[in-house]
Each structure stands twice: as structure tokens, then as C-alpha cells.
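Single-structure report; data block below.
Number of protein chains: 2
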Amino acid sequence: MGQFPVNLEEAIEWLASFGGEPDGGVSRTLYSQPWKDAQQALKGWMEDAGLDTTYDSIGNLFGRVPSSNPNAQTILIGSHVDTVKAGGKYDGAYGIIAGILALDFLKKTYGTPAINLEVVSFCEEEGSRFPLALWGSGMMTGIYSFNDISDIKDSEGISFETAMMAAGFGLSEYRVRNDIQNFIELHIEQGPTLEKVEKSIGIVKAIVGQKRFRITVNGESNHVGTTSMIWRRDALHGAVNMIHDLYESVKNYDEDLVTSVGQLFVEPNVPNVIPNQVRFTVDARHPNESILSSFCQQFTEMFKTHAKKSDLDIKVEMWHEVQPAQMDRTLNEIVQSICTRSTFPFHWMNSGAGHDAQLFARICPTTIIFVPSQDGISHSPIEFTLSKDLETGLEVLIQLLHQLAYNH
Amino acid sequence: MGQFPVNLEEAIEWLASFGGEPDGGVSRTLYSQPWKDAQQALKGWMEDAGLDTTYDSIGNLFGRVPSSNPNAQTILIGSHVDTVKAGGKYDGAYGIIAGILALDFLKKTYGTPAINLEVVSFCEEEGSRFPLALWGSGMMTGIYSFNDISDIKDSEGISFETAMMAAGFGLSEYRVRNDIQNFIELHIEQGPTLEKVEKSIGIVKAIVGQKRFRITVNGESNHVGTTSMIWRRDALHGAVNMIHDLYESVKNYDEDLVTSVGQLFVEPNVPNVIPNQVRFTVDARHPNESILSSFCQQFTEMFKTHAKKSDLDIKVEMWHEVQPAQMDRTLNEIVQSICTRSTFPFHWMNSGAGHDAQLFARICPTTIIFVPSQDGISHSPIEFTLSKDLETGLEVLIQLLHQLAYNH
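Residue numbers (the UniProt record's numbering), protein chains in the order written: chain X, 1 to 408; chain E, 1 to 408.
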């Protein structure tokens, strides 16, 4: 391998070496030294490929193939360079690498495009170092501003601003661009769907909306032996009835709805005492906001009915909410026609995880293209995607960009 | 108040002063200084009442009114002097105090009985200092021996034997008596039944058997957003179905069956990850061993069916078991006739908690008589029973002993 990688497989290993750990994990949190090294290396590689590079004032890195038309808009392609702690080699990285390889190929093969083509390596998406996610795309789309980071610190007490300035960013005002015509993100699925349905390409219809709730059920502690079943105010029995019916109710919704109770605490949590309190979370996701809201309203009412029937007190609080983001139908139909023409097996699906594309969907026609994740595993050192699937994704991206930027 | 109490109410406060705490709680764990002080004080009071006192070699204290017949057997009355940490004033104490007052009254009023009457202050029942319960009655009934304490230490690392010897006991072999004709225990209910049904006296049919289980359900962790409902191996969803159906199944059993899930742990227990493991306990109690066994077998099979259906692994372990103990029908019918004659409102019931009486039931006709616990609360500084209920219990005990030991 020379200074820079020459193919996809090499590039994945090369980028993973910045923040790489002995067990194969990658830790490249925002504004850390491995993060700086990775962005600088990517800048070098982009320049080596003949792209015009710039950083914006927060550390998003761009590599551009300009159109000959000075009034042309820009098709932006890319993903995020940051990782979770001990994350994998593909999450985010794949979208940046494929973007650079696609632009390199298109420029060499077809020359100057009719529309500017630009790859972006977003500075941050995961929210792993600071409790704020989608920083890079949030600033680019004008949804975030410097106000959003004023009170934020990492786990070591370093403020967001201090870390940003130490990395050489945040020193000038942020200029929101108005030339973005489309945003296209290539990403690993991070779930098991494509593997289960045996398809190479996921055409993403929407990134689901999320609503997260905290439920507190209060009853009364008593001796399990001396308290007859009919006189109990058992918080766990009540919570179990609620969760049971929550999962039953999902069966009456469409297959796009997912709901989960991931966290549950029992008080006092000893074998021979009737629980007086149970706290649990509900996470509900669906690509359609009104269906999601209606589902959440229904289970909230159902929980309250259960509580009343069992003489329990209940508190239901929503503590986190993300609106669904619809991907662009026209872009997706082009992706479908490319897959059909090239006989790449594809599958229309939703993204249950969040991505930079969800913020761009608010300002321009946007889509996200998935490739399979082995065993659905992500955010782990054993995150893996087959080379042939990575290559298929890159091929679809190249054909899509060719059709959008050269067929004029 | 003189050196010794002259009535029930005074005696409860007097005994509670040994190990008494500022908040009204009582801590009198086995072989501690407050425990020694309490037994010595009770010995003094018994002697003041004209009873012949002895300790056995483990610290059970006896006060005897001997019959004139040297071949007479003995009716033993009493309860335990030890308490849980920060327990109440009535648990155990009431049964000893009532025994002393009853014998004092009977001796003064009717003279020498036809059968020996003896009150016992058992050294230990709760299992609060050492992980072994029913020590006093276990040794008296020959069910325990010194072998059972050989490896047992308290939370400070002091061995059972060391603590016993420091208190002046355990220095000679234990002599199991063969003169016990009946055992009768007066005790607070420690549950809400008598209060709910508005009765003063509980006639105990049986002390329930207990079986306690540890259930481990293993599934697979996944991202809650990216894993469709149909591809999940959600350990919490599986456990919730099991517990839901456990409580449903109780409805088809008689009202004497109680079952509880008191403890439940979820792994990894974070809102956005599908749980891969749930561990929970099941406690089931019933006065009939075959009904209890059959119930436990049924839910074990039902749990395994649920696990199989949801592609989960399951382990069911029984870690604690107590056989039910039947109280003597003849003694109970005498108690009922006393209550009827004296117009004391009574209720036939089971004891869901364990008591010294459960071991005596194996060697002689035995019963236990309950008085109400306010709000069903016990093992707490706010444990409380009305004076009039305590007096009613004492009156029943006196009449019962009179009938058994003088009507010959």
C-alpha cells in the first residue's frame, strides 16, 4: 500500500488505522487526536485524487469536483468520520471512502460534471463524546447553531467549545451554504434486514421517527406470604400487564412499527417482597409521524387503564423525540432502475437508526443507500460487510451520480 | 412501673426497651447484648411470677408451672425473643409475654395444673444475624443439631459457635425433650387479612409450604431501531409473557395460593438495546404440598413452552423449599368454641409466613393463634396491634390452657 489507498478494501483498513485498537475496534471521537489525524489524512487523499479541499469552521471536510458552470448547484455525498467508542470500521467511514472513490472515478472517466460534485466527511454524527448528535450535518443544514453547544461538556469536563478550539475550529462564524441540490449517503445497514432477505442494496424510504418514554408505576410493598393475591397493589404485576399488552398491540400495526422496553427497574427488588415501584422505558419508532403519535397515545391510555384497574399510580413522560424523515422518491426510483439494470438484488426499507441524511431531508431531496451488515451487528469491533457488497454499493453510487451530474 | 410489668401493654413496652432504638424499632439479634439482657430480664420476671426457670444449652429460656403428677406431659406455650434488625415490638415478643401472663393468671386462679404448663422464650427464629432460621425450635424438636451451624458466620465474620459461647451457651450437649404434648403459639398476623375481614382472632389451619425459583431467560441483544419485531429474540418480552401467564394461571387456583415475582434484573438494561437476558424469581406458597407442587410444575412447563415459541433459552432452578405444616384440628376447634362462647369474632386462615410452630407440628399437636396487625405491617418500627386485640388473644390463650390443663 502506498501513501493512499487504491481501492475500497484498502481504504477501509487505512481509515480504520486512525483510532484503531488492538481488538479491531475504532475510537475516533469528535476533535480527538485520532479524529484530527483521520481528517488530515482524508484531506491528503482527496487532494491526491485531484479534489479541491476545504474545511468549514467546525471541522467538516469537503472535497470538490467543480462544474464548469459557475451558477451550478452541488450534489453532496458523504457520511461521518467520527465513531462511537470501540466502534467498527464501516459505520460512517464507508460513505466517505465511497464518495472519494466515486468522484475520483467519475472525474477520470467522464471529466467535468454539469453540476458540482462534492464529498463530505462530517465531523460528528454519533454523539459519543458530547451529549449532542448530528453536529456536522446540523450546522451545515442550519438546524444547529453555536448556541446549541454552549453548555455541553464531555465526561472529563472539557467543554465542547474548548475541544473544538483546541482542534483548530470554531474560530469564525458558521456560513450556511445555499447551493446544496441533493444529499446522498451510502451507509451500512446496522441491522439484519438485508442479510435476512438476501439483498445487496437497501433503498431507504424513510428514517423512522422516534419517541421515547419513561414510565413509573407505584404500588405498595408487602410480605409475599401474608398478603392474599386480591389485596395486593403489585407494581411489577401491573407493569407486566402493560408491557404484555404493548407487545400484543404491535401485532395490529404495520410491520414498520417497532417498539421496545429496553430498561426496567424494580423496587425493592427482593424475592419475598411485593414490588412497590417499577420504572421502565418504551421506545417506539415508525416512519409516519401520525401513525407513531396515534400508537403512543393508544398505549399511554392502555397503561393508565391498567393502572386504574389495579389501583396503581402511574406517570408517563416522553423524554426524547425525533421526527421521521422521508427520503426522496425520485432519487430512490433512479436507484431502483440502476439496480434492475445491473441485476443488483435490492430491497425497499426504512432506517430504524438515525443518520446525517435525516437533517438534509429537511432542506433538499435526499436519500440514503444501505449495504448489508453481517449478523446485523454495528457499533462493535466485529462490525463487518462483505467486500462484494461494499463494491456493489459503490457501483450504484457511481451510476447514480453519473446520471444526475453528467446526463445533461 | 415497678421492676416488672403488671399488664400486657406495659410488658410490650418493657421488653421492647431491650434493643430499643430512638425511632421505636427493636434490634435484638441472636446472642447480642440486647438479646442477653432481654432473656435475663424475662427470667427475672418469670421467677417473680413464681415460675421455675431454666435455660437449655443453646439459650432457649423456659418458665414452668409443674403439675403434681410426676409423669405428666407438658403443654408448651411461647414464641421467639429475637427480632429482625429494626423490627417491631410485637413479633415474637407478644407470644412470650402472653405466655407468662397466662401462666401467672392460671396458677394464681386455679392452682396446680394436671399437666405441666411451660412458657418458652425461643432464642432465635428470624435468621437475621446468621443465615439460619428457626434455631431455637429446630434444636428443641430434634430437627437441627450442632452440625447445622458448623460453617455459619454473621456479616462481621463472627462464627455462630463463637457468638453462642460468648453468650454463655453451647457448652454442653443438647438434650432433646420427649415430654411435649402440645405447642401453642400466640402471634401477630404480620399480614392484612384479619383487619380486612374485621376479626380479632385468626385460627390458623396451616403454615403454607414455600417453593422459590430462580428463572434465567437468555435471548439476543440488538439495536431497537434496526431490528424488525419478527427477528427479535427479546428476553424481556419473553419474561413478560411468562410472568403475565403466571399471574393469569393463579386465577384458576384456590384463594390459598399466592405467587410473586419480587425480583427481576434486565441485561444490558439500556433504553435502546433489546434485552439479551432477564433473571427473575418466583415465590409460590400453598398449605397443601401436592397442590403447590402441581402449580409449580405447571408454570415451569408453561415457561418452557413460551421460551421455545420465542426462540429463547431458559433455566429454572428451585433454590428454597419449605414443607407446609398442618395445625391441629382438635386444638383449633377448641379455640373456635372459646371464641364463639366469648363472642370474639374469629376467622379460619393460613399463615403465609413461617413460625416456630411449623417445626413443632412435626412432633406434636400444635397450633398458632393470630391477632391483627395494623395495615398488615410487620418487621418495621411501625408494626402495631391494638391493646384490645392483644387482650383478646391472651384471653383465648388462658381459656384454652384452662380447658387443656385443668379440666381433668
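Backbone N, C-alpha and C define an ideal beta-carbon position, used for all residues, glycine too.
Taking the straight line between their C-alpha atoms, what separation do you get for residue i and residue j?
i: H320 (chain E); j: N272 (chain X); result: 12 Å
i: T216 (chain E); j: E383 (chain X); result: 28 Å
i: Y406 (chain X); j: T112 (chain X); result: 8 Å
i: I96 (chain E); j: V81 (chain E); result: 8 Å
i: V278 (chain E); j: A98 (chain X); result: 41 Å
i: A284 (chain E); j: T259 (chain E); result: 4 Å
i: L106 (chain X); j: L292 (chain X); result: 41 Å
i: G209 (chain X); j: V197 (chain E); result: 52 Å
i: Y253 (chain X); j: S294 (chain X); result: 11 Å
i: H347 (chain X); j: L404 (chain X); result: 22 Å
i: A239 (chain E); j: T227 (chain X); result: 24 Å
i: Y94 (chain X); j: R28 (chain X); result: 14 Å
i: L359 (chain E); j: L257 (chain E); result: 21 Å
i: I369 (chain E); j: L312 (chain E); result: 47 Å
i: C296 (chain E); j: F265 (chain E); result: 21 Å
i: V6 (chain E); j: L236 (chain E); result: 58 Å
i: P287 (chain E); j: A325 (chain E); result: 7 Å
Flag residue i as yes if its beta-carbon sits less than 7 Å from any beta-carbon of chain X, otherwise no.
i: M164 (chain E); result: no
i: H244 (chain E); result: yes
i: A133 (chain E); result: no
i: A353 (chain E); result: yes
i: T216 (chain E); result: no
i: Q190 (chain E); result: yes
i: V250 (chain E); result: yes
i: W45 (chain E); result: no
i: V6 (chain E); result: no
Is there a Cβ from chain E that is less than 7 Å from the Cβ of residue i?
i: M1 (chain X); result: Confidence at M1 (chain X) is low in this model, with a pLDDT of 47, below 50, so the placement of that residue should be treated as unreliable; the coordinate-derived value is given next. With 7 Å as the cut-off, M1 (chain X) does not count as an interface residue toward chain E.
i: L240 (chain X); result: Inspection of the sequence shows that residue 240 (chain X) is occupied by Val rather than by Leu. Yes - at least one Cβ of chain E is within 7 Å of the one on V240 (chain X).
i: W348 (chain X); result: no
i: H237 (chain X); result: yes
i: H187 (chain X); result: no
i: T385 (chain X); result: no
i: R285 (chain X); result: yes
i: G262 (chain X); result: yes
i: T227 (chain X); result: yes
i: I274 (chain X); result: yes
i: Y247 (chain X); result: yes
Is it buried or exposed for residue i, if we count other Cβ within 10 angstroms and need 16 for buried?
i: N241 (chain E); result: buried
i: S155 (chain X); result: exposed
i: M1 (chain E); result: Since pLDDT at M1 (chain E) reaches only 47, below the 50 mark, its modelled position is unreliable, and the value read off the structure follows with that caveat. With fewer than 16 other Cβ atoms within 10 Å, it is exposed.
i: S290 (chain E); result: exposed
i: D104 (chain E); result: buried
i: W35 (chain X); result: buried
i: E47 (chain E); result: exposed
i: G202 (chain X); result: buried
i: E333 (chain X); result: exposed
i: D328 (chain E); result: buried
DSSP state of residue i, grouped into three classes?
i: F105 (chain E); result: helix
i: S121 (chain X); result: strand
i: S249 (chain X); result: helix
i: Q73 (chain X); result: coil
i: E391 (chain E); result: helix
i: D234 (chain X); result: coil
i: S337 (chain X); result: helix
i: E289 (chain E); result: helix
i: T300 (chain E); result: helix
i: N272 (chain X); result: coil
i: S27 (chain E); result: coil
i: L8 (chain X); result: helix
i: T141 (chain X); result: coil
Should residue i be counted as a contact of the ligand NAD given a C-beta to heavy atom distance under 6 Å?
i: E118 (chain X); result: With respect to the ligand NAD, the structure shown offers nothing to examine, as it has no ligands at all.
Given 8 Å, three or more beta-carbon pairs between the segment 52-66 of chain X and the segment 167-182 of chain X: In the pairwise beta carbon analysis, the segment 52-66 of chain X is classified as touching the segment 167-182 of chain X: at least three pairs are separated by under 8 Å.
Touch test, the segment 5-15 of chain X against the segment 30-49 of chain X, Cβ-Cβ under 8 Å, three pairs minimum: The answer is yes - the segment 30-49 of chain X touches the segment 5-15 of chain X, with three or more Cβ pairs under 8 Å.
Segment contact flag, the segment 206-223 of chain E with the segment 272-286 of chain E, C-beta cutoff 8 Å, min 3 pairs: Touching, yes, given that three or more Cβ pairs across the two stretches are closer than 8 Å.
Three or more C-beta pairs below 8 Å linking the segment 122-131 of chain E and the segment 153-167 of chain E: When C-beta atoms of the segment 122-131 of chain E are compared with those of the segment 153-167 of chain E, three or more pairs fall below 8 Å, so the two segments count as touching.
The segment 390-399 of chain E in contact with the segment 234-248 of chain E per 3-pair CB rule at 8 Å: Segments in contact, no.
Any 3 or more C-beta pairs closer than 8 Å across the segment 184-199 of chain X and the segment 306-322 of chain X: Counting Cβ pairs under 8 Å, fewer than three are found: no touch.
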